[in-house]
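Residue numbers (the working numbering): 2 to 373. Here a beta-carbon is modelled for each residue, glycine too, at the ideal position from N, C-alpha and C. The structure appears right after this line, and notes come after that.
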Amino acid sequence: MINQTTLSLSVGWSESRGRKKIKELQEYFPYEIKGQKKLYNVQSLKTMKYVKELSDKGLSAKEISTLFHSYGLPKSDGDLTKMLDEMSSLYTGDEKILSTIPSSRELAIPLLKVMSDNDLYIASTLNNGVAEHFSLSKIQKDFAYPDSKETVFVSRMRHTRFTLQKQGYIEEVKKFTYRITGEGIELLNENIVEQEEELEELEQVVNHIQVIEEHLTEYDNELVIELLEKLTKVNWKHFENIVVELLVAMGYGAGKVTKSTNDEGLDGIIKEDKLGLENIYVQAKRWTKNVCRPDVMGFVGALEGKGSKGVMITTSSFSDGAKKYLQTIPYKKIILIDGQQLAKYMIEYSVGVTLKKKLIIKEVDFSYFEDE
Numbered sequence: 002m003i004n005q006t007t008l009s010l011s012v013g014w015s016e017s018r019g020r021k022k023i024k025e026l027q028e029y030f031p032y033e034i035k036g037q038k039k040l041y042n043v044q045s046l047k048t049m050k051y052v053k054e055l056s057d058k059g060l061s062a063k064e065i066s067t068l069f070h071s072y073g074l075p076k077s078d079g080d081l082t083k084m085l086d087e088m089s090s091l092y093t094g095d096e097k098i099l100s101t102i103p104s105s106r107e108l109a110i111p112l113l114k115v116m117s118d119n120d121l122y123i124a125s126t127l128n129n130g131v132a133e134h135f136s137l138s139k140i141q142k143d144f145a146y147p148d149s150k151e152t153v154f155v156s157r158m159r160h161t162r163f164t165l166q167k168q169g170y171i172e173e174v175k176k177f178t179y180r181i182t183g184e185g186i187e188l189l190n191e192n193i194v195e196q197e198e199e200l201e202e203l204e205q206v207v208n209h210i211q212v213i214e215e216h217l218t219e220y221d222n223e224l225v226i227e228l229l230e231k232l233t234k235v236n237w238k239h240f241e242n243i244v245v246e247l248l249v250a251m252g253y254g255a256g257k258v259t260k261s262t263n264d265e266g267l268d269g270i271i272k273e274d275k276l277g278l279e280n281i282y283v284q285a286k287r288w289t290k291n292v293c294r295p296d297v298m299g300f301v302g303a304l305e306g307k308g309s310k311g312v313m314i315t316t317s318s319f320s321d322g323a324k325k326y327l328q329t330i331p332y333k334k335i336i337l338i339d340g341q342q343l344a345k346y347m348i349e350y351s352v353g354v355t356l357k358k359k360l361i362i363k364e365v366d367f368s369y370f371e372d373e
């Protein structure tokens, strides 16, 4: 068993950066409390290694969490490679473009290099210089999120300038006009390791919108826990109704709960079309123990003669064996939804939750005032 500091240092990260990643991905780092210390096992060490590799490839903590949730924790380097290949094959064209645009952290040193002659630079000139450094194509430079007036690259450049200015590496001489400082020159003269340490500190610069997003994420995580506690305590029939209501809210069509006396192992039916030519069959498990391979096999057996589409939902989790079994029956379209995902869908589609308050966050539309 090792502590958090040793866990971080084992992959070449500082204690602060490792702590940040562990906090963001805490569900994948089980620990034991001994005295006043949190101690991590060999599995956590292996997980940290893979988190570091994925971070180095440019994946955010949210993207890593999505990857682990979809494919499970990798057990070998081969698993990690396969996982990334499969994820890459699922990317849309837009996502592929987005993944090639440098992150704010990657932009920092090239931005300072453009300014290294100590001359004055306006924002648009900096953007052009850094884009040239990375040999960005017009598609990459012009890529924007839907309904956004600003490109992703310009937005990330603005964030990079903000953090560099807050840390004293550049100064804004006048509106949208910048110059590198003595500290900025010193940073450029440091070796790569020292630069990496400084960039880690840059990530700690407060971005108020990011802080709000982190608090909202934390609140949603707490809401997921509360929902799961409620779901495990409701009457089993009520639980079946909740599951069907959720699937209807998700847009899968009209649904109904089957009669318990003759449900043949199926708890609900969703009609994808008005004539009922295409049905999705539902089985709901209000369990605390894992749903294992034999349970999924039983569900698949109940579908024989009825259809090929099914959704199995549980308040607990599915074993690896249960998930792998579905790979052996590609002719059946079976979706497994565990407790965590169930609660998240309920939040997303407003089932079992009420709107407490709606927040609208606004910021200055810089492109409205000046073309960067």
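When the options are compared against residue i, the one with the closest alpha-carbon
{"i": "E246", "options": "L224, N192, V354", "result": "V354"}
{"i": "T289", "options": "E305, K307, I314, L81", "result": "I314"}
{"i": "N242", "options": "K357, L267, N192", "result": "L267"}
{"i": "K139", "options": "K58, L99, V283, V292", "result": "L99"}
{"i": "K47", "options": "A132, I3, K333", "result": "I3"}
{"i": "K294", "options": "Q328, K142, S56, Q166", "result": "It is worth fixing the name first, because residue 294 is Arg in this sequence and not Lys. The option with the nearest alpha carbon to R294 is Q328."}
{"i": "V174", "options": "S309, I330, N119, G79", "result": "N119"}
{"i": "L81", "options": "K97, M49, R106", "result": "M49"}
{"i": "R157", "options": "V225, K358, N129, R106", "result": "R106"}
{"i": "L360", "options": "F240, I213, Y41", "result": "I213"}
{"i": "E52", "options": "V12, D86, Y122", "result": "Residue identity differs from the one stated: residue 52 is Val in this sequence, not Glu. Of the candidates V12, D86, Y122, the one whose C-alpha sits nearest the C-alpha of V52 is V12."}
{"i": "Y122", "options": "E187, I171, Q27, K97", "result": "I171"}
{"i": "K114", "options": "E64, A62, E187, H70", "result": "E187"}
{"i": "M347", "options": "N222, E273, K35", "result": "N222"}
{"i": "A285", "options": "R18, H239, G59, I34", "result": "H239"}
{"i": "E219", "options": "E201, V258, K63, E273", "result": "K63"}
Beta-carbon gap between residue i and residue j smaller than 7 angstroms
{"i": "T182", "j": "G169", "result": "yes"}
{"i": "V283", "j": "F319", "result": "no"}
{"i": "R20", "j": "Q37", "result": "no"}
{"i": "A344", "j": "L228", "result": "yes"}
{"i": "K39", "j": "Y29", "result": "no"}
{"i": "Y326", "j": "V297", "result": "yes"}
{"i": "G254", "j": "G269", "result": "no"}
{"i": "G306", "j": "N280", "result": "no"}
{"i": "L232", "j": "T316", "result": "yes"}
{"i": "I338", "j": "G311", "result": "no"}
{"i": "A124", "j": "F177", "result": "yes"}
{"i": "Y350", "j": "M251", "result": "yes"}
{"i": "N26", "j": "S66", "result": "The residue you asked about is not Asn; residue 26 is Leu in the sequence shown. Yes."}
{"i": "W237", "j": "R287", "result": "yes"}
{"i": "R18", "j": "E199", "result": "no"}
Cβ-Cβ separation, residue j to residue i (assumed contact under 8 angstroms), whole Å
{"i": "I110", "j": "Q196", "result": "6 angstroms"}
{"i": "L189", "j": "S117", "result": "6 angstroms"}
{"i": "L249", "j": "I271", "result": "It should be noted that the sequence gives Val, not Leu, for residue 249. Confirmed, about 7 angstroms."}
{"i": "P103", "j": "F135", "result": "6 angstroms"}
{"i": "L137", "j": "F154", "result": "7 angstroms"}
Backbone secondary structure at residue i - three-state DSSP
{"i": "Y72", "result": "helix"}
{"i": "E279", "result": "coil"}
{"i": "T262", "result": "Unreliable placement is indicated for T262, whose pLDDT of 48 sits below 50; the coordinate value is still reported in the next sentence. Here T262 sits in helix by DSSP."}
{"i": "K175", "result": "strand"}
{"i": "F319", "result": "strand"}
{"i": "Q284", "result": "strand"}
{"i": "Y332", "result": "coil"}
{"i": "Y374", "result": "The chain is shown from 2 up to 373; residue 374 falls before or after that span and cannot be answered."}
{"i": "Y29", "result": "helix"}
{"i": "G311", "result": "strand"}
{"i": "E373", "result": "Reliability fails at E373, whose pLDDT of 48 lies under 50, so the model's placement of it is uncertain and no value is given."}
{"i": "V301", "result": "helix"}
{"i": "I361", "result": "coil"}
{"i": "W14", "result": "coil"}
{"i": "K38", "result": "strand"}
{"i": "K272", "result": "strand"}
{"i": "L337", "result": "strand"}
Exercise. Which ranges does the alpha helix (DSSP H) cover as unbroken runs of at least 4 residues, wholly within the stretch 88-167, from first to last along the chain?
Worked result: For the stretch 88-167, whole alpha helix (DSSP H) runs of length 4 or above, ordered along the chain, are 94-100, 105-115, 124-134, 139-143, 153-167.
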